[in-house]
Amino acid sequence: MSIAQRFVSMEYGPAPEDPKEALTWLDAHKRKFSHFINGEWQSPQPAEYFDSNDPSNGELLAKIAQGSAADVDAAVKAARAALPAWQKLTPHIRARYLYAIARQVQKHSRRLAVLETIDNGKPIRESRDIDIPLVARHFYHHAGWAQVLDQEFHGYTACGVVGQIIPWNFPMLMLAWKIAPALAAGNTVVLKPAEFTPITALAFAEICQEIGLPKGVVNIITGDGRTGEALVKHPEVDKIAFTGSTEVGRAIRKATADSPKKLSLELGGKSPFVIFDDADLDSAVEGLVDGIWFNQGQVCCAGSRLLMQESIAEALVAKIRARMENLRVGSPLDKAIDIGAIVAPVQLDRIKRLVEQGVSEGATCSQPSYALPAKGLYFPPTLLTNVHPSSTVAQEEIFGPVLAAMTFRTLKEAVELANNTAYGLAASVWSENINVALQVAAQIKAGVVWVNSTNMFDAACGFGGYRESGYGREGGREGMLEYLQPAWFKDAPKVKPSPAAKNDELPADGNEGEPSIDRTVKLYIGGKQARPDSGYSMAVRAADGTLLGEAPLGNRKDIRNAVEAARKAEGWAKTAAHGKAQVLYYIAENLSQRRDEITSRLARVVGAKQAVAEVDLSIQRVFSYAAWADKFDGRVHNPPGRNVTLAMHEAIGTIAILCPTEAPLLGFISLALPAIAMGNTIVAVPSEAYPLIVGDLYQVFDTSDLPGGVVNIVTGRPTELLKTLAEHDDIDAIWCFRDEAASAQVKALSIGNLKQVWTNDGRAFDWFTTAQGEGHLFLEHAIQVKNIWVPYGE
Amino acid sequence: MAVRQNATRDEALSVASKPPQKESSSVHHTNNSLIPNKGMPLNLDLIDEIEINTSAVERRAASLVTRRTVKKEWQAAWLLRAITCMDLTTLSGDDTHERVLRLCAKARRPLQQHLVDQLGIKELDIKVAAVCVYHNFVETAVTALEGTGINVAAVSTGFPAGLSPLAERVGEVRRSVEAGAQEIDIVITRAHVFGGEWQALYDEVATFKEACGKAHMKAILGTGDLLTLRNVARASVVAMMAGSDFIKTSTGKETVNATLPVGIVMARAIREYFRHTGMMVGFKPAGGIRTAKQSLEWLAMMKEELGTPWLNADLFRFGASGMLADIERQLEHFATGRYSADYRHPIA
């Protein structure tokens, strides 16, 4: 074709990135990679390898080691061996290593970008302009956290050896999100990249060598799901961090249930992309390009559910169709394409199957008119209209360039539809009215909300989901906390079976000889005293065995009722912080008034000395959380660009609390109060040692203006109630402070809705100290951070 | 820009990316193909409905230039296209007849013969679209360009501020048309935009259009003065309703001239206007466009936001002077493989 013909056609023509340097690098490694263990390349045992291919043309890139359990063991041992020396380094020295990694990533940025693109299929524009720059940014940011670790996280220590498993959609970026905070906090790492995309992780291993990172601090082990499973189950691993599918996330939660492994999960999503009638529609359409047509739609936070206000739906759909016609699908190494190749045949099949299913369920499928490349794994940008909330394509994560569009009428309906999902990772809201945008942002249950924008990331701003999108955050301060734990925790004693009997003098109770008026203690549900569904009561005995009274024997139906009541009381979260503080102070006031009678009753179980301490400390602790109620605030981040990111502290929702046995009253207060101070509603099961406490507590709550349903108390046998609570899909978090077996049980049973789990791993907290019994640790578990990105400027 | 009503014309929207072909296959771009915009009555609803999110438009501009690029033969072809879309301009206080003659000579032969030969593009007869001058030099330019198919454009209406009495501004248009200018670049009264005086703005532009007669009218919005993209979008729509054949960013005299975000907003306004009326209005970024690379970015923006038909001189112009020299250097590099120097190319 002549220049004259090109002058007439004004087509773009090919603009290939030259992969020569990257291929030379692969050749230098003889296109065969071993594991990176203890700073060295170690062949897999047995010598099993698999292929990593270029999805755009099917060509073999390299042979990759298949990690066996023995390989994983070697890597974990190397990480364990490296741990003491790594932790002994000053934070400043660790910061230097992280800084060196950031610099080295920048120095080799193009090689890394090209490797990423040929291994994954993503457009070179994205790997070059987005993925790799964000990798460098993440290491810089965390070099900073390493530097200020002692000041900012005083009293915390690293988890130890961290096992990390990352997905194939952003291979190197997810590696950075995992490794940077782990190292900054002083952990050592065994990381397993996804089997489809292991190459940049191996390139990263070489960077670790180049900068002289101490051997064993970072170990990279490749392989498929079996390798990941071996890592998850390895007893010497202290924490698992996983990004990937919700299905595998569940399996990992279950597999780690009977261990004290800390766990963070970043899972799937079906994120809403909400467009109001006063939005800049053309810009919103570009937002979709950056949302669902970014990385072929293989993005956990992709705006895959389009919610359009009815009045603009028709115009918007027309604009989207026209825009799809202009998207260019082609070779990922072409600098002028928008959509590259799908990572693997299995993924392409899944996308095709789900789109077919969508159409068979009545959806209208729009795709651009142009042809796809003949060779390679490609799928066109796709818009599905006539989709309804009940459609499969509106519920299931497709993980492809497929947008499912629905309409709404009002703001309220938009929020309802946006939240009508088991996921809660991200959302995008488009409106030129700041009142509308921020109200919707506040109401959508998602860890990240982008106002008039989408898919913006920064190392300083936490990322992570609500609900089945996982728990834990990556990035920012909250991301660092995932790799730290209170320094005292590892040495805390195991929980004792039941409080030791004490034989203190008991204060006189009523007139001897005459029968006192019977006092029937009931359950406390929805602000009312309720008889147990079972119609049974259980005996409560004093330390010396005498019968103190009878407590209702709650069952699963009582739990059901309590959860319903707690859910109905969610308005509590919207109560102004000052208002919550007022109620909490009032609780302290009323507790104080009943100090003597509560003490005397409690003393019969735990002894006078402990009873006095429990009641007095409880009053103080309520005061503490009344104080915290309006002080434990979010942050404002300043990511690059003209932008504020509001890191809001939001209540988690309804929290189930299994109270500790060792301090029946103080344990209850120490857990219930931070939960309600942060706006949660709770269903608490008091210790069976003294469930009669409920009778005192509800009188206190009733007289303190605490709205009904904020605190619900069900007495009974904790081991039975635990099961119903852990399995309940309308509970957002469960806290278990009982023995080791209970911790394991709660973790294993929580996988239904992947509720957030916080347990003591069977270790006793010293509730009588401020260091272990109150403060940030509790507050941080009582909130989740929602990052709302608000670009501004006219 | 949001349009909440009359949004049912699905086909019109999809056409925005593929409008009817009108002589776009022709390699010659002369004034013959300039089709007038008939305008429409002022519709204030369309103004009210305009929504522009500045940050989002800026992100679009930033990502657009990284999403599209042309290389090798395609780049050469695109750069040639940029030349054919140029309004080669001189608007200085020290302009003289001789200076204008020199510019016209360059307009006729923008590329050295050896480059034309090496690129094999003799048949394209590459020349710029128009020469843009002050009224005083219209006759000089018309004479110099006679028979070339290159138009003469006159900046008018009290350029660049546009604040002389209306009668004088209208008279100026008439005189330039009488002198032979085929294109008139008018400036709007920016105050009308600040005050939201859309009727006044509409009347002003419509008056100029009437004075232009058969001459093609480009309305300069002075986007650097308008400050917000929202204002740019509103002024664009009013100017088109009032019959502007082109909308143009700047006089080149404002502190901020043609920027890509402004271009995107104006291109989208053109798209909406086309959707409503079926009439294709042209776009002219002017000021601050100096490099070959910029010319490619602007062409890519037009192709992406409006489609290939808007890559022709009848619907797209660059207001530039220095850009040509850089394009020549890049074409020389393409032809020879060696980097060139400014002084090796004849100046305009």
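As given, the protein sequences belong to chains X and V, one line each in that order.
First residue of the first sequence? That's 9 in our numbering, and the numbers climb one at a time after it.
First residue of the second sequence? That's 9 in our numbering, and the numbers climb one at a time after it.
Note that CB positions come from ideal geometry on N, CA and C, so glycine has one too.
As the structure is a prediction and not an experimental result, all values here were calculated from the model.
Residue pairing by DSSP puts Asp-95/V in a beta bridge opposite Ala-138/V and Gly-327/V. Straight-line measurement puts the Cα of Arg-238/V at about 54 Å from the Cα of Gly-168/X. Beta-bridge analysis with DSSP links Lys-226/V to Asp-193/V and Phe-254/V.
Positions of the alpha helix (DSSP H) runs, each at least 4 residues long and wholly inside the segment 457-514 of chain X, are given as 484-489 in order along the chain. Any Cβ of chain V closer than 8 Å to the Cβ of Arg-14/X would place that residue at the interface, and such an atom is present. In the displayed model, Asn-239/V falls within a helix according to three-state DSSP. Membership of Asp-232/X in any beta strand (DSSP E) is not indicated, and neither H nor E is assigned to it by DSSP.
Close to chain V, meaning a Cβ-Cβ distance shorter than 9 Å, are the following residues of the segment 637-650 of chain X: Gly-649 and Arg-650. Our two residues, Tyr-532/X and Asn-795/X, have alpha carbons roughly 35 Å apart in a direct line. Boundaries of the alpha helix (DSSP H) harbouring Ile-215/X: 207-218, taken from the DSSP string.
By the criterion of a C-beta distance shorter than 8 Å, Leu-171/V is surrounded in its chain by Thr-197, once the five residues flanking it on both sides are discounted.
Cβ atoms of Gly-661/X and Asp-740/X come within 8 Å of each other, at about 3 Å.
For secondary structure counted as the alpha helix (DSSP H) over 4 or more consecutive residues, the segment 232-291 of chain X holds these complete runs in sequence order: 233-241 and 254-263. The continuous alpha helix (DSSP H) containing Lys-186/X extends over residues 179-192. Secondary-structure assignment with DSSP links Phe-58/X through a beta bridge to Ile-72/X. Under the three-state reduction of DSSP output, Gln-317/X falls in the strand class. By the Cβ neighbour-count rule, Lys-226/V is buried, with 16 or more other Cβ atoms within 10 Å of its own.
Leaving aside the five residues that flank Val-170/X on each side, the residues in its chain whose CB is nearer than 6 Å to its CB run, in chain order, Ala-190, Asn-195, Val-197 and Lys-247. Rounded to the nearest angstrom, the Cβ distance from Leu-599/X to Val-708/X is 5 Å, consistent with a contact under 8 Å. The beta carbon of Ser-291/X falls within 8 Å of a beta carbon belonging to chain V, placing the residue at that interface. When rounded, the separation of the alpha-carbon atoms in Trp-636/X and Leu-492/X is 22 Å. Residue pairing by DSSP places Thr-165/X opposite Gln-493/X in a beta bridge. Assignment of Thr-372/X by DSSP, reduced to helix, strand and coil, places it in the strand class. Around Ala-162/V, no beta-carbon contact reaches into chain X at under 9 Å, the shortest distance being about 29 Å.
By the beta-carbon neighbour count (other beta carbons within 10 angstroms, threshold 16), His-122/V is exposed. Along the segment 249-264 of chain V, none of the residues has a CB nearer than 9 Å to a CB of chain X. Cα atoms of Glu-218/V and Asn-45/V: separation of roughly 12 Å, rounded to the nearest angstrom. The C-beta distance from Ile-359/X to Val-410/X rounds to 6 Å, short enough to fall under 8 Å.
Following the DSSP letters along the chain, one finds Ser-545/X inside the beta strand (DSSP E) bounded by residues 545-549.
With contacts defined by Cβ atoms closer than 8 Å, Gly-327/V and Thr-104/V do not form a contacting pair.
For the pair Ser-17/X and Trp-33/X, the Cα-to-Cα distance works out to about 38 Å. Pairing Trp-86/V with Ala-241/V, the inter-Cα distance amounts to about 28 Å. Across the structure, Pro-22/X and Met-182/X are spaced so that their CA atoms are roughly 30 Å apart. Of all C-beta pairs linking the segment 248-258 of chain X to the segment 105-119 of chain X, fewer than three are shorter than 8 Å, placing the two stretches out of contact. Contact check for Val-225/X against Trp-94/X passes: the beta carbons are separated by less than 8 Å.
Excluding residues up to 5 positions away in sequence, Gly-232 lie with their Cβ nearer than 7 Å to the Cβ of Thr-263/V in the same chain.
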